[in-house]
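Here the structure comes first, spelled out in structure tokens, and everything after it is commentary.
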Amino acid sequence: MNTPVQESSFPFDTQTMALRDMFASHALSGMLPAPKVPGVLPMTMDGMAQAAYAYADAMLRARLLPPVVPKPAR
Numbered sequence: 003m004n005t006p007v008q009e010s011s012f013p014f015d016t017q018t019m020a021l022r023d024m025f026a027s028h029a030l031s032g033m034l035p036a037p038k039v040p041g042v043l044p045m046t047m048d049g050m051a052q053a054a055y056a057y058a059d060a061m062l063r064a065r066l067l068p069p070v071v072p073k074p075a076r
């Protein structure tokens, strides 16, 4: 008997979504709900998308750096 496969609510295709895309999507989701003026985004949609990928690129660069060691609290 075959066991039914439960599909994810959020399918992920590794061939089309790279880590950069995932980082950009998370950055964009954090940028959208916080406009400076209610009902008005601070940038155009293209500007927001470009900024999201700039954040994603920064996160990818940060992965290459040595880990940050937290300083002890005083």
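Per the numbering used here, the sequence shown starts with residue 3, numbered consecutively.
Backbone N, C-alpha and C fix where the C-beta goes; we use that ideal spot for every residue, glycine too.
- When only Cα atoms are considered, alanine 75 and asparagine 4 end up about 56 angstroms apart.
- When rounded, the separation of the alpha-carbon atoms in methionine 45 and aspartate 23 is 20 angstroms.
- In this structure, alanine 54 and leucine 30 form a Cβ contact; the two beta carbons are roughly 4 angstroms apart against a cut-off of 8 angstroms.
- In the three-state reduction of the DSSP assignment, arginine 63 falls in the helix class, which pools H, G and I.
- The beta carbons of alanine 51 and phenylalanine 25 sit no closer together than 8 angstroms.
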